[in-house]
Structures are given as C-alpha cells and as structure tokens.
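Inspection log for the structure reproduced underneath, given as structure tokens.
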Amino acid sequence: MTHADGVAGDDGPFHVDHVDLMCYRVRYAIKRGDPDRTPMVMCNGLGARMELLMPLAERLDGIETILFDVPGAGLSPSPRHPYTMAMAAGLTACMLAELGYSKYDVFGFSWGGMLAQQLAFQEPNRCRRLVLAATMPGTPMVPARLSTLLRVATPRRLYDAEYARRIQGDLYGGGARVAKDDPLETVRSDVSHIGYLFQQLALLGWSSLPLMPLLRQPTLILAGDDDPIVPLVNARIMAALIPRGRLHVMHDGHYFLRSSADETVSVITDFLDEGARPAPHRRTGRRG
Numbered sequence: 001m002t003h004a005d006g007v008a009g010d011d012g013p014f015h016v017d018h019v020d021l022m023c024y025r026v027r028y029a030i031k032r033g034d035p036d037r038t039p040m041v042m043c044n045g046l047g048a049r050m051e052l053l054m055p056l057a058e059r060l061d062g063i064e065t066i067l068f069d070v071p072g073a074g075l076s077p078s079p080r081h082p083y084t085m086a087m088a089a090g091l092t093a094c095m096l097a098e099l100g101y102s103k104y105d106v107f108g109f110s111w112g113g114m115l116a117q118q119l120a121f122q123e124p125n126r127c128r129r130l131v132l133a134a135t136m137p138g139t140p141m142v143p144a145r146l147s148t149l150l151r152v153a154t155p156r157r158l159y160d161a162e163y164a165r166r167i168q169g170d171l172y173g174g175g176a177r178v179a180k181d182d183p184l185e186t187v188r189s190d191v192s193h194i195g196y197l198f199q200q201l202a203l204l205g206w207s208s209l210p211l212m213p214l215l216r217q218p219t220l221i222l223a224g225d226d227d228p229i230v231p232l233v234n235a236r237i238m239a240a241l242i243p244r245g246r247l248h249v250m251h252d253g254h255y256f257l258r259s260s261a262d263e264t265v266s267v268i269t270d271f272l273d274e275g276a277r278p279a280p281h282r283r284t285g286r287r288g
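If you count the sequence shown from 1, position 180 lands on 180 in our numbering, and the numbers rise without skipping.
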C-alpha cells in the first residue's frame, strides 16, 4: 500500500518510497520494466498526486516508469519557499540521479508538461524523447476562458467531490462531459494550498517559446480538441516550433489520458518504440 508517512512500501506493481534532496522530501514510485529499454519519468499536473498517472504507467508494457509528487503536491511535504520551473527541473534531475537513472524519456501532463519541457532543456544529454500531453508553452499562450481559469486557480476541485462533479464537464471537456465520475475521483485527497500556490508561482514569467527551436529531442505532443483548460491552438504552436515535434490530436478533453486511455497508450508506445534501443547506463542500483 501507499504509505502516507513516507516509509517504503508497495502499491500494486509500484515500489513507493521517498528520497531526501537538499531541503526537500520527494515521494516517488517505480514500476520496474525491461532493463534493455529506456525508462520514463512522468511529471504530473497541478496539485495532482502521482496515483493519477499510475493507470497509464501500468499500461506502458515493458517500460520502467518513475512517478513522483512534486514538493507540496500529493504526499510530498510543501517547501518553505517558492521555487522556479528551473529549480523544479533541477530537483527532478537530482532525484533521477539519486535513484540511479542517467538516461530517460520524459512524459509531462498539463503543468507537468511544462516541467518536462524545462527538464529537456536543462538535461539535453539525459532526456532521450519527450511526450507532452495537454500542456502549453507558458507565457504567452492562448488562454482558456476566464471562468475556466478561475476554477483552476484554486485547488477546490481536488478535494471537494460534489463541486468537482458539478463542474467537470465544463472544466475538462471531452469524455468528462458525459462521464458520471470525475477523472480525479479515485485520487482525491487533502491538498496543500501553499503547495498549490507555489506550483502556480513557478509559472510566473516562464515561457518555453524562445527555447523550443533548440529542443533536440524527438517530441510527441498530445492534445484534445475539446480541452477548455488548454486550447488546441497551443499544441499547434508548439508542434510548429519544435524541430522534431509532431502533433497527435485526440477527440477528447483535458483528461484524455483516462477517458481515451487505449488511444493514448497506443500512440505513446508507438512513438517510444521508434527509438527503442538499449539503455546500458540507466540504473546504478543506488535506490528502489
């Protein structure tokens, strides 16, 4: 089971533990995979705990996956001070190094997609391939409607089940418009308001637009055509600016990775298989 006090344990196929990095304690999970394939680190959305991405990670057959709660999200304690996206990416790289990974693919969903971009910029020799899902380039971007932005501005949807069910269709679009249960139902928990705020503050003034033409990695961009939070045009801009970028449009909303799980898994797997090759330096056995 998952241990709230941070001690090691197991959650299904995942080994769950924590690692202390500088002044941060980060909760992580590892699903073991084929040692001859490049592992993948998965970066999560705003305020979300890593369990949100576990169903997707489980279905990526043979691929070792590393998930984590950023400081202030899930069961990672909140930091004492605000941080930047560069600091968050540096912390992620330190975590992966501490766990023994020297080469990896990077997946990022929503807020985590921006973290994934920053990590790829800062670690070009370690990040092999990049998968960006339902994400954006920071500032400037083509924004959502004001009503949508106001709903995302607070973490209420993450802990208030009745409120979440009431707004899920308008907020997430796609499959959430007809689903009886909201996509966060199974991972709902108490949320750190300060941690949520610090994640938002990390985006102030941050933009990947100037650096996108410099991205070396083959990049898969997944976007829903009915995503109220991240309008599709943002993904089209990113695909145009990233030299080795390609766009796959899902006929779904923000949480297509859950409501269109089969298609999501298929597209990601095909993309990773294109560049599959041994990763001999991926784990040194220091942890996990």
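The beta-carbon is built from N, C-alpha and C at its ideal position, and this holds for glycine as well. All figures in this text were calculated on a predicted structure; none of them were measured in a lab.
- When the five nearest sequence neighbours on each side are left out, the beta carbons in the same chain lying within less than 8 angstroms of the beta carbon of residue 32 are those of 13, 15, 64, in order along the chain.
- Just measuring C-alpha positions, the residue of 85, 234, 194, 53 sitting nearest residue 259 is 53.
- For residue 66 against residue 46, the beta-carbon gap comes to about 20 angstroms, at or over 8 angstroms, which does not count as contact.
- DSSP places residue 248 within a strand segment (E or B) once states are collapsed to three.
- Among the bridge pairs identified by DSSP, residue 207 is matched with 138.
- When DSSP states are grouped into helix, strand and coil, residue 105 belongs to the strand group.
- Residue 137 and residue 35 have their C-alpha atoms spaced approximately 33 angstroms apart.
- Straight-line spacing of the CA atoms in residue 158 and residue 19 works out to 25 angstroms.
- Residue nearest to residue 256 within the set 60, 109, 244 is 109 (criterion: CA-CA distance).
- Residue burial is scored here from C-beta neighbours: residue 22 has fewer than 16 other C-beta atoms within 10 angstroms and is therefore classed as exposed.
- Going by DSSP, residue 88 is part of the alpha helix (DSSP H) stretching over 85 to 98.
- Shown here, residue 154 sits in coil according to DSSP, grouped into three states, outside any helix or strand.
- Contact annotation: the region 110 to 118 touches the region 37 to 51, with at least three C-beta pairs closer than 8 angstroms.
- At a Cβ-Cβ threshold of 7 angstroms, residue 131 and residue 107 count as neighbours.
- By the criterion of at least three beta-carbon pairs nearer than 8 angstroms, the region 231 to 238 is not in contact with the region 152 to 167.
- Secondary structure at residue 48: coil, using DSSP grouped into helix, strand and coil.
- In the DSSP annotation of this structure, residue 22 is not part of any alpha helix (DSSP H), being labelled neither H nor E.
- The alpha-carbon separation between residue 240 and residue 222 amounts to approximately 14 angstroms.
- The C-beta of residue 153 has fewer than 16 other C-beta atoms within 10 Å across all chains shown, which makes the residue exposed.
- Here the alpha carbons of residue 270 and residue 72 stand approximately 34 angstroms from one another.
- For residue 105, the CB contacts under 6 angstroms within the same chain, skipping 5 residues up- and downstream, are 38, 40, 128, 129 in chain order.
- Rounded to whole angstroms, residue 144 and residue 170 show a C-alpha spacing of 12 angstroms.
- Taking all protein chains in view, the Cβ of residue 148 is crowded by 16 or more other Cβ atoms within 10 Å, so the residue is classified as buried.
- No Cβ-Cβ contact shorter than 7 angstroms links residue 227 with residue 195.
- Nearest in C-alpha terms to residue 77, of all of 28, 58, 10, is 28.
- Taking 7 angstroms as the cut-off, the beta carbon of residue 230 is found closer than this to the beta carbon of residue 134.
- When secondary structure is reduced to three states using DSSP, residue 268 falls in the helix class.
- Counted as a single uninterrupted DSSP element, the stretch harbouring residue 179 is not any alpha helix (DSSP H), since DSSP gives it neither H nor E.
- When the beta-carbon positions are compared, residue 202 and residue 24 stay at least 7 angstroms from each other.
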